[in-house]
Amino acid sequence: MKRLMILGSIKYFENIVMSAKKEGIYTIVCDNRIDTPAKEVCDEAIDVDVFDFDKIKNIAIDKKIDGILTGFTDSLMKPYVYIANELNLPCVISCNQLESVTNKAVMKKYFKNNGIPTTDYCILESLKDLEKIQGLNFPLVIKPVDGYGSRGVYFVSNVEELIEKFEYSREISQNGQVIIEEFYESEEIQGLAWVYNGESHVFYIGDRELVNIHVGRAGKPDRLLYPSKYCFQYEEEIKSIYQKITEAFNIKNGPFYVQMLVGADGIKVSEVMPRLPGGCDYLAISHITDLDIGRLFANFSVNNDIDFNEIKKYNMHLSKCVYALPIYIRPGTIKKINNIDKIENLDYVTQILLLVKEGDTIELYEDERQDCGRIYGIANNIFDANIKKKYIHEMIEILDENNENMIENF
């Protein structure tokens, strides 16, 4: 029996564990969380700090693992890549490639050097370098170069606002660098591909609809809707961009997630990530196809190969409209969660992944509201999806101790 180490144990990893076990793979889930969903369903759970590289490496050796995987966040990529490369296990990227996909300054340089369309930018380490923004047109977007999610991301419309927000963004950056990008008036799309022997195969492209919970902050996904309304118009261009990115970043095998912007000047690439996307949104697709990304990734991780026939039959055109609805809540203590059972029983809701429970205290994390889960569903078309979204939003309640709804994006 092949043995797979999985770094991470929150609800999103539960699907990967179950998919791997169906393939007869022995699963070992590791992180420092206790009594989490993936640890309840895996074959073996180990409470350990996965950022203690020596300790996790010794565990991997002791357990005689055949593979390792992780997903959903950039922060777990470092221990994943380190262990896989140290033990010569299958991995999406090498240690030398890691910075190119986790550091936005390096990533943007790859874009520019390889003709991948993206927004103009500059890198600042201090406000003494402010003259570097000359040539960039306001409004601008400020980001920590090695941040993830939307932490430390701000929109600024003039120099005064840039100066005001610069330190907030720089404090989140581990290396003290901030990337300043031109704002591109656009809509966001995102997609997941599988790279097989250096050739990318796009599974799906979806619209990434945003909500601005706080003025001046980056928008957060309010709904992920598949297939994207841009699939037919830009299908060949999207495929071409994916392949160009695959070659530029020298990705040979594994999942590959890309965020793009679509505006008056066409498609511009925002970010690339050789991992499973945050929020486990591929689960929405799995309910109308037999595509199981978790199974593919698990098999690749222990066998260094997958059945090519498993990926070539999929494309970005879907038979139905599917969606994922993120839920964001403000700080407080959860007294009651209402109507989850009723929502789960709706015939158009396929799955709910809730990361919180009654009694949990939610704290303000680095000025970000808590992403506490996803609701996945199916609709006949976008108009039907809009109706279903509204109904779900009206039903779900996460109440604090004062019986006030903690959900912020509904």
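Here our numbering is used: position 191 in the sequence shown is 193, and no number is missing along the way.
Think of the CB as a built atom: it goes at the ideal place given N, C-alpha and C, for glycine as much as any other residue.
Next item on the list: State yes or no: is the C-beta of L129 within less than 8 Å of the C-beta of F168?
Entry: Working through the sequence shown from its first residue, we reach residue 129 at position 127. Working through the sequence shown from its first residue, we reach residue 168 at position 166. Here L129 is near F168, since their CB atoms are less than 8 Å apart.
Notebook entry, point to check: Can you list, in chain order, the residues of its chain whose CB lies under 8 Å from that of I48, leaving out five sequence neighbours each side?
Noted result: Residue numbering aside, residue 48 sits at position 46 when the sequence shown is read from its first letter. Non-local C-beta neighbours of I48 in its own chain, meaning closer than 8 Å and more than five positions away in sequence, comprise I30, V31, C32, I61, ordered along the chain.
Notebook entry, point to check: Just checking my contact of R153 with I174 at CB under 8 Å: how many whole Å lie between their CB atoms?
Noted result: Along the sequence shown, read from residue 1 onward, the residue named residue 153 stands at position 151. Along the sequence shown, read from residue 1 onward, the residue named residue 174 stands at position 172. Rounded, the Cβ-Cβ distance is 5 Å, consistent with contact.
Next item on the list: Decide if A266 is buried, meaning its Cβ has at least 16 other Cβ atoms within 10 Å, or exposed.
Entry: On the sequence shown, position 264 is the one that residue 266 refers to. A266 comes out exposed.
Margin query: Under 8 Å, with one C-beta from each stretch per pair, do the region 68-76 and the region 226-239 reach the 3-pair mark?
Written below: Contact fails: fewer than three Cβ-Cβ distances are below 8 Å.
Check: Could you give the distance in angstroms between the alpha-carbon of T121 and the alpha-carbon of M79?
Finding: Your numbering for residue 121 matches position 119 in the sequence shown. Your numbering for residue 79 matches position 77 in the sequence shown. Roughly 25 Å between the two C-alpha positions.
Notebook entry, point to check: Shortest alpha-carbon distance to W196 belongs to which of E190, E239, Y284, K145?
Noted result: Locating residue 196 in the sequence shown gives position 194, counting from the first residue. Cα-wise, what sits closest to W196 is Y284.
Next item on the list: Express the C-alpha separation of K338 and N404 in angstroms, rounding to a whole number.
Entry: On the sequence shown, position 402 is the one that residue 404 refers to. On the sequence shown, position 336 is the one that residue 338 refers to. Cα-Cα distance, rounded: 10 Å.
Next item on the list: Would you kindly work out how many angstroms separate the C-alpha atoms of Y198 and L89, rounded to a whole number?
Entry: For this step, residue 198 is matched to residue 196 along the sequence shown. For this step, residue 89 is matched to residue 87 along the sequence shown. Taken atom to atom, the span from the alpha-carbon of Y198 to that of L89 is near 22 Å.
Next item on the list: Quick one: residues in its chain with C-beta nearer than 7 Å to the C-beta of T38, no 5 flanking neighbours on either side, listed in chain order?
Entry: Along the sequence shown, one-based indexing puts residue 38 at 36. So the qualifying residues of the chain are S11, I12.
Notebook entry, point to check: Between K4 and V304, which are expected to be in contact by the criterion C-beta below 8 Å, what is the C-beta distance as a whole number of angstroms?
Noted result: Locating residue 4 in the sequence shown gives position 2, counting from the first residue. Locating residue 304 in the sequence shown gives position 302, counting from the first residue. Confirmed, Cβ separation roughly 4 Å.
Next item on the list: Please list, in chain order, all residues of the same chain as Q261 whose beta carbon is under 6 Å from its beta carbon, the five residues on each side excluded.
Entry: On the sequence shown, position 259 is the one that residue 261 refers to. Here the set comprises Q192, S272, E273.
Notebook entry, point to check: Which partner residues does L226 have in the DSSP bridge list?
Noted result: Translated into positions along the sequence shown, residue 226 becomes position 224. Per DSSP, R210, A326.
Check: With a cut-off of 8 Å, do at least 3 Cβ pairs link the region 370-382 to the region 334-351?
Finding: Two segments are said to touch when three or more pairs of C-beta atoms, one from each, lie closer than 8 Å; by this definition the region 370-382 touches the region 334-351.
Check: Per DSSP, what kind of secondary structure is D76 in: helix, strand or coil?
Finding: Numbered from 1 along the sequence shown, position 74 holds the residue referred to as residue 76. The answer is helix: DSSP assigns D76 an H, G or I state.
Next item on the list: Out of I342, I253, L355, E249, state which residue places its alpha-carbon closest to the alpha-carbon of I394.
Entry: On the sequence shown, residue 394 is found 392 positions in, with the first residue counted as 1. The candidate whose alpha carbon is nearest that of I394 is I342.
Notebook entry, point to check: Which stretch, first to last residue, makes up the alpha helix (DSSP H) that contains R172?
Noted result: As a working mapping, residue 172 is identified with position 170 in the sequence shown. Taken as a continuous stretch (DSSP letters only), the alpha helix (DSSP H) holding R172 covers 161-174.
Check: For the candidate residues L100, N407, K24, L194, whose alpha-carbon lies nearest to that of I329?
Finding: Position 327 of the sequence shown holds residue 329. Of the candidates L100, N407, K24, L194, the one whose C-alpha sits nearest the C-alpha of I329 is N407.
Check: Does the separation of the CB atoms of I287 and H203 fall below 8 Å?
Finding: Position 285 of the sequence shown, counted from the start, is the residue given in the question as residue 287. Position 201 of the sequence shown, counted from the start, is the residue given in the question as residue 203. Result no, Cβ atoms of I287 and H203 do not sit closer than 8 Å.
Check: Based on the DSSP output, what are the partners of V180 in its beta bridges?
Finding: Stepping through the sequence shown from its first residue, residue 180 is reached at position 178. L126, P146.
Item checked: Contact belief for I1 with I409 at Cβ below 8 Å, rounded distance in angstroms -> There is no way to answer for residue 1, as the model of the chain reaches only from 3 to 412.
Checklist line | Exposed unless 16 or more other CB atoms sit within 10 angstroms - verdict on Q372 | finding: Position 370 of the sequence shown holds residue 372. By the neighbour-count criterion, in which a residue is buried when 16 or more other Cβ atoms sit within 10 angstroms of its Cβ, Q372 is buried.
Notebook entry, point to check: So, M275 versus D45, is the Cβ gap smaller than 8 Å?
Noted result: The sequence position of residue 275 within the sequence shown is 273, counting from 1. The sequence position of residue 45 within the sequence shown is 43, counting from 1. For the 8 Å CB-CB criterion, M275 and D45 do not form a contact.
Note to self: Closest to T363 by C-alpha separation, out of C374, Q353, I354, would be which residue?
What the structure shows: Position 361 of the sequence shown, counted from the start, is the residue given in the question as residue 363. Nearest C-alpha to T363: C374.
Margin query: Looking at the secondary structure, which residues open and close the beta strand (DSSP E) in which R5 lies?
Written below: Counted from its first residue, the sequence shown places residue 5 at position 3. Element bounds for R5: 5-9.
Note to self: Can you find the residues in the same chain that come closer than 7 Å, C-beta to C-beta, to F302, ignoring five residues on each side of it along the sequence?
What the structure shows: Residue numbering aside, residue 302 sits at position 300 when the sequence shown is read from its first letter. Correct list, in chain order: P92, N255, G256, I308.
Next item on the list: With distances taken Cα to Cα, identify the nearest neighbour of L278 among V158, Y156, L194.
Entry: Numbered from 1 along the sequence shown, position 276 holds the residue referred to as residue 278. L278 has its Cα closest to that of L194, out of V158, Y156, L194.
Notebook entry, point to check: Helix, strand or coil for G296 per DSSP?
Noted result: As a working mapping, residue 296 is identified with position 294 in the sequence shown. Helix.
Note to self: Ignoring anything shorter than 3 residues, give me the beta strand (DSSP E) runs that lie fully in the region 341-367, in order along the chain.
What the structure shows: Runs of the beta strand (DSSP E) inside the region 341-367: 351-356.
Check: Which term fits C282, buried or exposed, when burial requires 16 or more other beta carbons within 10 angstroms of its beta carbon?
Finding: By one-based count along the sequence shown, residue 282 stands at place 280. If you draw a 10 Å sphere on the C-beta of C282, you find 16 or more other C-beta atoms in it, and that means buried.
Margin query: What does the Cβ neighbour count give for D369, buried or exposed, with the cut at 16 atoms within 10 Å?
Written below: Here the question's residue 369 lines up with position 367 in the sequence shown. Note that D369 scores 46 on pLDDT, short of 50, meaning its location in the model is unreliable; the coordinates nonetheless yield the value given after this. With fewer than 16 other Cβ atoms within 10 Å, it is exposed.
Check: Would a C-beta distance cut-off of 8 Å place I247 and I207 closer than the cut-off?
Finding: As a working note, residue 247 is residue 245 in the sequence shown. As a working note, residue 207 is residue 205 in the sequence shown. Here I247 is not near I207, since their CB atoms are 8 Å or more apart.
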